[in-house]
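K.L.:
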Amino acid sequence: MDHKNLVAIDIHTHAEVSCWNPFDNYGEEYDRAADKYFRSNRRPTIAETIAYYRERKIGLVMFTVDSESKLGRRRIPNEEIAQAARENSDMMMAFASIDPHKGKMGAREAERLIKDEGVRGFKFHPTVQGYHPYDKMAWPIYEVINAHKMPAIFHTGHSGIGSGMRCGGGLRLEYSNPMHLDDVAIDFPDMQIVMAHPSFPWQDEALSVATHKPNVWIDLSGWSPKYFPKQLVQYANTLLKDRVLFGSDYPLITPERWMKDFEEAGFKPEVMPGILKGNAVRLLGLDGAQAA
């Protein structure tokens, strides 16, 4: 990624539409509920998302969410996203998503995606994937990520997916309590853990884990910055200024809206460049140094 020519790096964007696989409408009610929750129905292709970010000179990390075991929905191929990243390597990186229920077979896939496809990190969504992050069934996949000293993004806090559905779509919010990542951070110290989103209703737990464990980061995706809890802004301005990251959750939130509101959300001018790009440069190893 040619980060010097980018105005920012968005660490959290979603692949929404596969051009390799036919559309899988199974479980589409989760999409409709999310559309209502986020007041957005954008479903761009991978190529459309890349063109959108290239026009704005913003780098992006893109991933899907493999929830095949819990939701029964066919995932967008990790290989499709990885190929797009290779073709746009000046401004894009691919993270992979592997359902933790796949255990050792998932670990084999993770190894292959790193070595053969150039994947640079991983994405987990405990609520949608239906597991506690500290569950030992995920250990084989974590071991691969840790061995390669790669980052892994974990959804934390409330989930827009399932919101408003009968019984919340059967999805358990408790799986995404950031405190569950404390054990993971201890057992896998070379895996850089990114806690995604303001972690409502567990914001203080997220700040505690990130302050205590130096391999834990926070991305600010999924919310407009004008709604951030005041303690999140306080820690981003001080103790965690080197481990807070810009993320939008595109296409559910656009980077334009996020960045506009970011200007007015109480962040110190001296920490804003790090949040927008500098911290991601270190996390992703774009400056040649490994995040520590």
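So for the sequence shown, the UniProt record's numbering puts the first residue at 1; every next one is plus one. Cβ atoms here follow ideal geometry from the backbone N, Cα and C, with glycine treated the same way.
#1: Give me the Cβ distance between residue 141 and residue 100, rounded to the nearest whole Å; I'm assuming they're in contact under 8 angstroms.
#2: Quick check on residue 250: does DSSP put it in helix, strand or coil?
#3: Report the CB separation of residue 144 from residue 111 in whole angstroms; it is logged as a contact under 8 angstroms.
#4: Please confirm if the region 38–52 is in contact with the region 273–289, defined as three or more CB-CB distances below 8 angstroms between the two stretches.
#5: Assuming residue 75 and residue 97 are in contact, meaning their beta carbons sit under 8 angstroms apart, how far apart are those beta carbons, in whole angstroms?
#6: Looking at the structure shown, is residue 238 part of a helix, part of a strand, or coil, going by DSSP?
#7: Quick one: what's got a C-beta closer than 7 angstroms to residue 237's C-beta in the same chain, skipping five residues either side?
#8: Where residue 5 and residue 54 are concerned, what is the direct C-alpha to C-alpha distance, given to the nearest angstrom?
#9: Suppose only complete runs of 4+ residues qualify. What are the alpha helix (DSSP H) ranges in the region 34–108, listed by chain order?
#10: Determine the direct distance from the alpha carbon of residue 108 to that of residue 12, and round the result to whole angstroms.
#11: Can you tell me the Cα-Cα spacing of residue 155 and residue 30, whole angstroms?
#12: Does the pairing of the region 124–141 with the region 54–69 give three or more beta-carbon distances under 8 angstroms?
#13: Identify which residue in 164, 153, 191, 60 has its Cα closest to the Cα of residue 358.
#14: Across which residues does DSSP place residue 194 in a beta bridge pair?
#15: Residue 325 lies in the alpha helix (DSSP H); which residues open and close that run?
#16: Can you tell me which residues form a DSSP beta bridge with residue 13?
#17: By DSSP, does residue 8 sit in helix, in strand, or in coil?
#18: How many Å lie between residue 232 and residue 203 at the Cα?
#19: Classify residue 239: buried if its beta carbon has 16 or more other beta carbons within 10 angstroms, exposed otherwise.
#20: Quick one: what's got a C-beta closer than 6 angstroms to residue 218's C-beta in the same chain, skipping five residues either side?
#21: Considering just the uninterrupted stretch of the alpha helix (DSSP H) at residue 260, what are its terminal residues?
#22: The beta strand (DSSP E) that contains residue 122, what's its start and end?
#23: If I measure Cβ to Cβ from residue 199 and keep anything under 6 angstroms in the same chain, skipping five residues before and after, which residues do I get?
#24: My assumption, with CB atoms under 8 angstroms, is that residue 1 sits in contact with residue 72. Please give the rounded CB distance.
#25: Tell me the rounded alpha-carbon separation between residue 264 and residue 215.
P.N.:
According to the data block:
#1: Within the sequence shown, residue 141 is the residue found at index 141, counting from 1. Within the sequence shown, residue 100 is the residue found at index 100, counting from 1. Confirmed, about 6 angstroms.
#2: What you label residue 250 is simply residue 250 of the sequence shown in a count that begins at 1. Three-state DSSP puts residue 250 in a strand.
#3: If you number the sequence shown from 1, residue 144 lands on position 144. If you number the sequence shown from 1, residue 111 lands on position 111. With 8 angstroms as the limit, residue 144 and residue 111 qualify as a contact, their Cβ atoms being about 5 angstroms apart.
#4: The region 38–52, when compared against the region 273–289, does not touch it at the 8 angstroms Cβ threshold.
#5: Here residue 75 is taken as the residue at index 75 of the sequence shown, counted from 1. Here residue 97 is taken as the residue at index 97 of the sequence shown, counted from 1. Confirmed, Cβ separation roughly 7 angstroms.
#6: Translated into positions along the sequence shown, residue 238 becomes position 238. The answer is coil: DSSP assigns residue 238 none of H, G, I, E or B.
#7: Against the sequence shown, residue 237 aligns to sequence position 237. So the qualifying residues of the chain are 267, 268, 271.
#8: Your numbering for residue 5 matches position 5 in the sequence shown. Your numbering for residue 54 matches position 54 in the sequence shown. Each residue's alpha carbon lies about 11 angstroms from the other.
#9: 46–55, 68–71, 78–87
#10: Locating residue 12 in the sequence shown gives position 12, where the first residue counts as 1. Locating residue 108 in the sequence shown gives position 108, where the first residue counts as 1. Roughly 25 angstroms between the two C-alpha positions.
#11: The residue you call residue 155 lines up with position 155 of the sequence shown. The residue you call residue 30 lines up with position 30 of the sequence shown. Cα to Cα, the separation comes out at about 17 angstroms.
#12: yes
#13: Outside the shown range of the chain (1 to 292) lies residue 358, about which nothing can therefore be said.
#14: Along the sequence shown, read from residue 1 onward, the residue named residue 194 stands at position 194. Residue 194 is bridged to 153, 217.
#15: Residue 325 lies beyond the stretch modelled for the chain, which goes from 1 to 292, so this question has no answer here.
#16: Reading the sequence shown from its first residue, position 13 is the one you call residue 13. Note: residue 13 sits in a beta bridge opposite 62, 250.
#17: The sequence position of residue 8 within the sequence shown is 8, counting from 1. If DSSP states are grouped into helix, strand and coil, residue 8 belongs with the strands.
#18: Looking up residue 232 in the sequence shown gives position 232. Looking up residue 203 in the sequence shown gives position 203. One C-alpha to the other measures close to 7 angstroms.
#19: To locate residue 239, count along the sequence shown from 1; it is residue 239. Residue 239 comes out exposed.
#20: Stepping through the sequence shown from its first residue, residue 218 is reached at position 218. Apart from sequence neighbours up to five positions away, the residues of its chain that approach residue 218 with a beta-carbon distance below 6 angstroms are 195, 210, 244, ordered along the chain.
#21: As a working note, residue 260 is residue 260 in the sequence shown. 255–262 is the extent of the alpha helix (DSSP H) around residue 260.
#22: In the sequence shown, the residue the question calls residue 122 occupies position 122. Taken as a continuous stretch (DSSP letters only), the beta strand (DSSP E) holding residue 122 covers 122–124.
#23: As a position in the sequence shown, residue 199 is number 199, starting the count at 1. Result list for residue 199: 156, 157, 178, 206, in chain order.
#24: As a working mapping, residue 1 is identified with position 1 in the sequence shown. As a working mapping, residue 72 is identified with position 72 in the sequence shown. Not really, about 35 angstroms apart at Cβ, beyond 8 angstroms.
#25: Translated into the one-based positions of the sequence shown, residue 264 becomes position 264. Translated into the one-based positions of the sequence shown, residue 215 becomes position 215. Linking residue 264 to residue 215 through their CA atoms gives a straight-line distance of about 29 angstroms.
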